[in-house]
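Undergrad: Following this message is one structure expressed as structure tokens.
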Amino acid sequence: MSPVRFPSVVHAAWLVFALLLMAFSPARADDHGDMGAGRVVQQYPAGSIQSAEAADEALAAVASAKQDIAARAAQQEQLCTEKFFASDCMDAVKERRRKALAAVRPIEVEANAYKRRAQIEERDRGLAERNAREAPPPGLPRTPKPSAPAKAQPPSESAAGVNPRVARHEEKLRKLEAEEKAGEAKRAAKVEAYNRKVQESEERQREVEEKRRQREEEARQKAAAAKP
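Counting with mature numbering (1 follows the signal peptide of the UniProt record, and there is no 0), you get residues -29 to -1, 1 to 199 for the letters of the sequence shown.
Written out as structure tokens, the structure is:
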């Protein structure tokens, strides 16, 4: 009867080392790291929403992207439970989910802002039309002319034929447009920063993957050399 041969200590050590490498390797459920947000960000760059229909389509795309992000995050968290140090893996998934949601949020803000602006413009048009219908016929003075004003006064909005309510809405619209322009610039900067972070993350993942393959190859070579 031949004696039972046990694996050498060196062989067992390299086996444990290989298992640890597998435990710390990044999850492959989402190679790009953006959880599907990049597609929507590319589809709706800053300032691309120029109609109510486009705004509705953008909101639908964002809602679908949020569902996709949640599904991918759940899938990756499930993979984390199969690894050593699962809590670190879970934290990484949560951070990727947070960045993905932050990437699509500006699109949702821009679409809702466009719809609000369109509603204000529609309401202003209605007020202007009603004001025109209620205006007196041409040739009739709107207000009695003062006989001898003690001090020259600037013409009021009513005397100038401008409905005060319309003027207030126009002022709101101008402020909203100014805020939208500032928001578009901020959104463009955020999108650029996000794309840069995604690219850096992909480069780091490639480096980690390459180092992991090199270590595994070295481990296989040393394990093969250690065999009797």
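The beta carbon of each residue, even a glycine, is placed where N, CA and C say it ideally should be. Treat the numbers as computed from the prediction; the structure is a model and nothing was measured.
Return the chain-ordered ranges of every alpha helix (DSSP H) run that is complete within the segment 20 to 81 and spans a minimum of 4 residues.
TA: The qualifying runs are 23 to 51.
Undergrad: Is it right to say residue 31 is buried, meaning 16 or more other beta carbons lie within 10 angstroms of its own, or is it exposed?
TA: Under this definition residue 31 is an exposed residue.
Undergrad: Please confirm if the segment 157 to 169 is in contact with the segment 10 to 25, defined as three or more CB-CB distances below 8 angstroms between the two stretches.
TA: Result yes; three or more Cβ-Cβ pairs closer than 8 angstroms.
Undergrad: Which residue from 106, 94 and 103 puts its Cα closest to that of residue 144?
TA: When each option's Cα is compared against that of residue 144, the closest is 94.
Undergrad: Count the other C-beta atoms from every protein chain shown that fall within 10 angstroms of the C-beta of residue 179, then say buried if there are 16 or more, exposed otherwise.
TA: The residue is exposed, with fewer than 16 neighbouring Cβ atoms inside 10 Å.
Undergrad: Nearest-angstrom Cα distance between residue 25 and residue 91?
TA: The alpha-carbon atoms of residue 25 and residue 91 are separated by roughly 18 angstroms.
Undergrad: When the Cα of residue 141 is compared with those of 97, 45 and 71, which residue comes out closest?
TA: Comparing Cα positions, the closest option is 97.
Undergrad: Thinking just about the alpha-carbon of each residue, which of 12, 51, 70 and 54 is nearest to the one in residue 172?
TA: Checking every option, the nearest Cα to that of residue 172 belongs to 70.
Undergrad: Give the range of the alpha helix (DSSP H) segment to which residue 166 is assigned.
TA: Per DSSP, residue 166 belongs to the alpha helix (DSSP H) from 135 to 197.
Undergrad: Is residue 84 near residue 8, with beta carbons less than 7 angstroms apart?
TA: Contact: no.
Undergrad: Give me the Cα-Cα distance between residue 182 and residue 152, rounded to the nearest whole angstrom.
TA: One C-alpha to the other measures close to 45 angstroms.
Undergrad: Rounded to whole angstroms, how far is the Cβ of residue 88 from the Cβ of residue 147, which I believe are closer than 8 angstroms?
TA: So it is a contact: roughly 6 angstroms between Cβ atoms.
Undergrad: DSSP state of residue 85, grouped into three classes?
TA: Of the three classes helix, strand and coil, the one that applies to residue 85 here is helix, per DSSP.
Undergrad: Which residues in the same chain as residue 39 place their Cβ atom closer than 6 angstroms to its Cβ, once the five residues preceding and following it in sequence are excluded?
TA: Answer for residue 39: 7, listed in chain order.
Undergrad: Tell me where the alpha helix (DSSP H) around residue 18 begins and ends.
TA: Run containing residue 18: none; DSSP gives neither H nor E here.
Undergrad: Let me check understanding here. Comparing Cα to Cα, which of 33, 29, 80 and 42 lies closest to residue 150?
TA: The residue with the shortest Cα to Cα distance from residue 150 is 80.
Undergrad: Residue 168: which of 66, 34, 54 and 37 sits nearest, CA to CA?
TA: Nearest option by C-alpha distance: 66.
Undergrad: Check the C-beta distance from residue 36 over to residue 11 and give it rounded, since I have them as a contact under 8 angstroms.
TA: Contact holds; Cβ gap of about 5 angstroms.
Undergrad: Measure the CB-CB distance between residue 134 and residue 166 and report whether it falls below 7 angstroms.
TA: No. Outside cutoff.
Undergrad: How should residue 68 be labelled, buried or exposed, when 16 other C-beta atoms within 10 angstroms of its C-beta is the threshold for buried?
TA: Residue 68 comes out buried.
Undergrad: Using alpha carbons as the reference points, say which of 22, 23 and 29 lies closest to residue 14.
TA: With distances taken between Cα atoms, residue 14 lies closest to 29.
Undergrad: Rounded to whole angstroms, how far is the Cβ of residue 138 from the Cβ of residue 86, which I believe are closer than 8 angstroms?
TA: Actually they do not touch by this definition, with Cβ atoms about 23 angstroms apart.
Undergrad: How big is the Cα-Cα spacing for residue 184 and residue 193?
TA: If you take the alpha carbons of residue 184 and residue 193, they lie about 14 angstroms apart.
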